[in-house]
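Peer 1:
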Amino acid sequence: MLNADPDYGVKLQNWVQERDINKEDFIEQVAEKSENNFMYLRYVLPDIAKGYYPDLSLQGLPDGLQDYYQQHWVRMGMQDKPQKDKVIVLFILVESRTLPSLEIIAEWAQQDESDVEDVLKEWVEFLSKQEVEGEVCYSIYHASFLDFLKGKRKLDSTRKLFEEVNARMADDLYSDV
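According to this note's numbering, the sequence shown is numbered sequentially starting from 23.
1. I'd like the list of long-range same chain contacts for Leu83, defined as Cβ closer than 6 Å, with 5 residues on each side in sequence excluded.
2. I'd like to know whether the C-beta atoms of Val111 and Val138 end up nearer to each other than 7 Å.
3. Look at the alpha carbon of Glu129 and the alpha carbon of Arg190, and state the distance between them as a whole number of angstroms.
4. Take Ala71 and list the residues in its own chain whose beta-carbon comes closer than 6 Å to its own, dropping the five residues that flank it on each side.
5. Taking 6 Å as the limit between beta carbons, can you name the residues of its chain near Lys176, skipping five residues before and five after?
6. Classify Tyr160 as helix, strand or coil using the three-state DSSP reduction.
7. Quick one: Cα of Glu147 to Cα of Phe167, how far?
8. Between the C-alpha atoms of Asp85 and Glu157, what's the straight-line distance to the nearest angstrom?
9. Who are the Cβ neighbours of Val154 in its own chain at under 8 Å, not counting the five residues just before and after it?
10. Throw me the rounded Cβ distance for the Gln93 and Gly99 pair, which I believe falls under 8 Å.
11. Let's test the definition: count the other Cβ atoms within 10 Å of the Cβ of Phe60 and tell me whether it reaches 16, buried, or not, exposed.
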């Protein structure tokens with residue numbers, strides 16, 4: 023990856039060189055931090071190259087996927103208040119039994135499509151896009167991220183905030199039955 027990746031190879035090499043890290047040590051320590059999970063590499067290596075870890079050493083990189091997800095959650099401001107619109111969009115992606123389009127997510131969330139699109143862009147590396155009947159539809163990319171989100175208190179389906187969203191989702195899903 024350090025030498026071969028056309029998108030991130032040079033930037034990763036620069037990050038390693040700036041910290042005076044031996045390439046073999048980098049590979050070994052990142053493999054250890056990844057807990058041998060390729061998804062960690064899929065997320066963390068591009069983030070290093072994009073400059074999301076400018077002040078960190080190897081020891082400061084997240085330990086495993088759950089730690090990475092938590093760091094991303096914080097980086098996206100999800101710990102801050104208010105994040106109601108973002109939380110509702112993520113809730114829809116977590117709870118949906120179908121692949122909703124941007125239009126459907128906006129309808130269920132009762133938000134403007136451009137606002138929903140902004141939220142989706144913030145989480146793009148965790149989403150899968152699939153074309154269904156000419157529309158781009160969204161789902162959570164990986165089961166471990168879905169599990170992480172389900173464990174977040176802000177996305178607890180029993181919250182009063184989600185009662186109306188759940189009702190809109192159910193009405194829409196069962197309107198054709």
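The C-beta atom is built at its ideal place from N, Cα and C for all residues, glycine as well. None of these values were measured; they are calculated from a predicted model.
Peer 2: Straight from the coordinates:
1. Lys55
2. yes
3. 8 Å
4. Tyr30, Lys33 and Leu34
5. Val109
6. strand
7. 11 Å
8. 37 Å
9. Leu121 and Ser123
10. No, Gln93 and Gly99 are not in contact; Cβ-Cβ is about 12 Å, not under 8 Å.
11. exposed
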